[in-house]
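Visitor: Residue numbers (the working numbering): 40 to 507.
The C-beta atom is built at its ideal place from N, Cα and C for all residues, glycine as well.
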Amino acid sequence: MFNLPHSGMPGVVFPAVPAPAAAAMLAVLHQFRATERLPLPDLEHLQFRQLEQLLSHASRAVPYYGPGLRAAGFIPGQPVTTELWQRLPVLSRAQVQAAGAQLHAGELPAGHGSVACATTSGSSGRPVTIQKTALFQFYWQCLTLRDQEWQARNPGATWMAILRDDQRTDPAKQPPLRRMPNWGGPMAAVYPTGPGLFLDYRAGAAELLTIIRQEQPAYLVTFPSLLRELVRESQTSGLRPQGLREVRTTGETLATGLRELITAAWSTEETPLRVSEIYSTAEAGIIAMPCREENALHVQAEGVKLEILRADGSPCQTGEEGRVVLTALHNFAMPLIRYEIGDRAVPGPACRCGRSLPVLAAIPGRARDMLTLPDGRHRFPYYAHNAIMQVGAIVQHQVAQTALDQVEIRLVVRRPLTPTEEAHIIGAATQGLGGAHQVRLVYRPEIRRQASGKFAEFINEFENPPAA
């Protein structure tokens with residue numbers, strides 16, 4: 040059914056005359072429908088036109104960038120080319136921390152709106168405070184609307200988010216579920232929607248699952264690690280949600296095998312379940328999101344320039360893993376130009392959906408969460424997760440590298456494990472890690488999430504010691 044927008048004109052329902060803010064988002068969404076199918080050279084040309092505006096502003100208004108841009112040969116008013124772009128230095132997270140206010144713009148172009156601050160979760164051990172304009176947030180909202188359109192969601196259905204609810208100041212006295220009249224955000228500003236539900240993840244998995252079953256949302260968004268806990272609770276109890284059409288993961292990498300695990304546990308013949316992920320950061324906004332046709336993770340090139348680079352700085356080819364370098368196209372308050380965010384990704388082939396936006400084949404892990412080998416090299420921390428989780432008594436787990444040659448598997452369990460189960464876990468993890476690390480089990484009553492709600496299944500405490 041056609042989604043009729045809210046009308047801002049009294050007495051007019053159809054065709055709607057949207058209010059100015061909604062009309063602006065719909066105008067950008069209309070452009071997206073064309074730019075998402077442009078040939079890649081044309082799309083890159085438009086990116087460079089926008090980047091010329093950003094670089095000109097940075098060279099004039101941001102103290103940090105003037106010398107570096109001049110040294111690379113950038114001249115305001117002249118076109119930005121691929122060759123010039125690749126001469127610009129890559130900006131590290133440590134450099135952002137050290138630069139501080141030198142990265143803040145002394146002035147903004149007219150119309151970019153107010154400036155707000157946000158601090159990244161700091162899961163890397165290097166939290167960063169970002170300044171963002173209202174214009175940056177506006178483009179984030181436009182991309183969110185694109186996601187709703189791509190997924191063809193029914194706006195009259197119920198939307199549920201399981202995240203940290205900071206309005207729940209006293210969890211002992213306040214229930215974890217908060218009801219809202221609509222989906223909130225840009226969707227409700229443009230279209231009529233069904234109810235929204237905000238569920239605080241600080242409740243236990245059993246209680247969360249009970250509430251999901253009671254409310255029967257059509258759409259559910261939360262962290263992959265929390266979904267894993269919910270699926271395990273569902274498998275243990277024999278209870279599963281009803282009416283779910285889509286589960287959307289955010290905030291963490293959707294681990295290999297988890298999509299299939301969720302689908303197998305919660306899909307029904309009446310309601311096949313779709314599992315998708317969105318890739319976003321506080322620094323750059325929405326980076327990539329999936330198409331409905333192929334579930335391919337498309338880079339949102341209208342909002343961010345994404346590069347996947349080898350160690351020598353050259354671009355990775357399709358199927359080749361490299362480090363992620365980002366530039367948000369519209370944040371003039373604190374431009375982060377060629378910012379190495381600490382993630383790793385793999386470029387993928389063109390998608391059969393017909394959209395020409397670049398594709399990410401995988402986001403295999405964070406550079407900060409890589410396993411350190413005894414010879415100093417790094418690799419993705421595969422630790423035979425599926426084999427370990429065959430032990431049904433495990434409620435929660437986390438793997439931590441505590442020394443160059445030592446790894447801990449931290450467990451929350453329903454009952455004491457048998458010696459056979461312990462040996463199975465240690466043996467599977469030792470083999471999965473490659474046999475170069477000593478593996479030991481540590482039992483804990485609880486493994487806490489970060490304040491942001493994110494949860495890292497693997498952490499490298501050897502290279503990133505926890506704060507005292």
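Going by C-alpha to C-alpha distance, which of Thr168, Gly431, Trp179 sits closest to Glu275?
Guide: Per the sequence shown, residue 275 should be read as Thr rather than Glu. With distances taken between CA atoms, Thr275 lies nearest to Gly431 out of Thr168, Gly431, Trp179.
Visitor: Spell out the partners DSSP gives Lys171 in its beta bridges.
Guide: Ala155
Visitor: Counting only the same chain and skipping the five closest in sequence on each side, list residues whose C-beta sits under 6 Å from that of Gly161.
Guide: Confidence at Gly161 is low in this model, with a pLDDT of 45, below 50, so the placement of that residue should be treated as unreliable; the coordinate-derived value is given next. Within the same chain, Gly161 has no close Cβ partners at all.
Visitor: I'd like to check one pair, Val385 with Ile347: are the Cβ atoms closer than 9 Å?
Guide: yes
Visitor: Counting only the same chain and skipping the five closest in sequence on each side, list residues whose C-beta sits under 7 Å from that of Ser512.
Guide: Because the chain here runs from 40 to 507, residue 512 falls outside it and cannot be looked at.
Visitor: Looking at Arg298 and Leu278, is the spacing between their C-beta atoms short of 9 Å?
Guide: no
Visitor: In or out: His337 buried (at least 16 other Cβ within 10 Å) or exposed?
Guide: buried
Visitor: Run the CB neighbour count on Ala73, radius 10 Å, all protein chains shown included, and call it buried at 16 or more, exposed below.
Guide: exposed
Visitor: Could you give the residue range of the alpha helix (DSSP H) that holds Ala138?
Guide: 132 to 138
Visitor: Would you list, in sequence order, the uninterrupted beta strand (DSSP E) runs of no fewer than 3 residues that lie entirely inside the segment 269 to 339?
Guide: 285 to 288, 313 to 316, 318 to 320, 324 to 329, 336 to 338
Visitor: Please say whether Glu447 and Val478 have beta carbons closer to each other than 9 Å?
Guide: The Cβ atoms of Val478 and Glu447 lie closer than 9 Å to each other.
Visitor: Quick check on DSSP: helix, strand or coil for Pro504?
Guide: coil
Visitor: Excluding the 5 residues preceding and the 5 following Arg349 in the sequence, name in chain order all residues of the same chain whose CB lies nearer than 7 Å to its CB.
Guide: Around Arg349: Cys355, Gly361.
Visitor: Tell me whether His369 is buried or exposed, calling it buried when 16 or more other Cβ atoms sit within 10 Å of its Cβ.
Guide: buried
Visitor: If you draw a straight line from the alpha carbon of Thr168 to that of Met373, how long is it in whole angstroms?
Guide: Each residue's alpha carbon lies about 10 Å from the other.
Visitor: Thinking just about the alpha-carbon of each residue, which of Tyr104, Glu309, Gln180, Gly358 is nearest to the one in Leu375?
Guide: Tyr104
Visitor: Quick one: residues in its chain with C-beta nearer than 6 Å to the C-beta of Pro102, no 5 flanking neighbours on either side, listed in chain order?
Guide: If we look at Pro102 and ignore the five residues flanking it on each side, its Cβ neighbours are Gln141.
Visitor: Rounded to whole angstroms, what is the Cα-Cα separation between Asp205 and Val260?
Guide: 17 Å
Visitor: May I ask which residues mark the beginning and end of the beta strand (DSSP E) holding Glu379?
Guide: Per DSSP, Glu379 belongs to the beta strand (DSSP E) from 378 to 387.
Visitor: Can you give the Cα-Cα distance for Glu309 and Thr172, rounded to whole angstroms?
Guide: So the alpha carbons of these two residues sit roughly 44 Å apart.
Visitor: Hey, Pro234 and Trp198: beta-carbon distance below 9 Å or not?
Guide: yes
Visitor: Would you tell me roughly how many angstroms separate the C-alpha atoms of Ala442 and Ala321, rounded to the nearest one?
Guide: Going by C-alpha positions, Ala442 is about 31 Å away from Ala321.
Visitor: In this structure, does DSSP put Ala432 in helix, strand or coil?
Guide: coil
Visitor: Less than 9 Å separating the beta-carbons of Ala340 and Leu93?
Guide: No, these two residues do not count as a Cβ contact at 9 Å.
Visitor: Going along the chain, which residues of its own chain have a beta-carbon closer than 8 Å to the beta-carbon of Pro57, five neighbours each way excluded?
Guide: Pro44, His45, Ser46, Gly47, Leu65, Val229
Visitor: Going by other Cβ atoms of all chains shown within 10 Å of its Cβ, with 16 needed for buried, is Phe71 buried or exposed?
Guide: buried
Visitor: In whole angstroms, what separates the C-alpha of Ser273 from that of Thr307?
Guide: 14 Å
Visitor: I'd like the span of the beta strand (DSSP E) that includes Asn425, first residue to last.
Guide: Per DSSP, Asn425 lies in no beta strand (DSSP E) segment; the continuous alpha helix (DSSP H) that holds it begins and ends at 424 to 427.
Visitor: I need the straight-line Cα distance from Pro54 to Pro231, nearest angstrom please.
Guide: 15 Å
Visitor: At 3 residues or longer, and completely inside the segment 178 to 228: list those beta strand (DSSP E) runs for me, N to C.
Guide: Listed in chain order, they are 198 to 202, 216 to 219.
Visitor: Flag this pair as yes or no: are the beta carbons of Leu130 and Arg383 separated by less than 9 Å?
Guide: no
Visitor: Pull up the distance between the alpha-carbon of Asp351 and that of Leu174, whole angstroms please.
Guide: 34 Å
Visitor: Does Val119 pass the burial test, meaning 16 or more other C-beta atoms within 10 Å, or should it be called exposed?
Guide: Under this definition Val119 is a buried residue.
Visitor: Would you mind giving the Cβ-Cβ distance between Ala304 and Val270, rounded to the nearest angstrom? I have them listed as a contact below 8 Å.
Guide: 5 Å between Cβ atoms; contact.
Visitor: What is the C-beta distance between Leu312 and Ile301, in whole angstroms, given that I count them as a contact (C-beta under 8 Å)?
Guide: 7 Å
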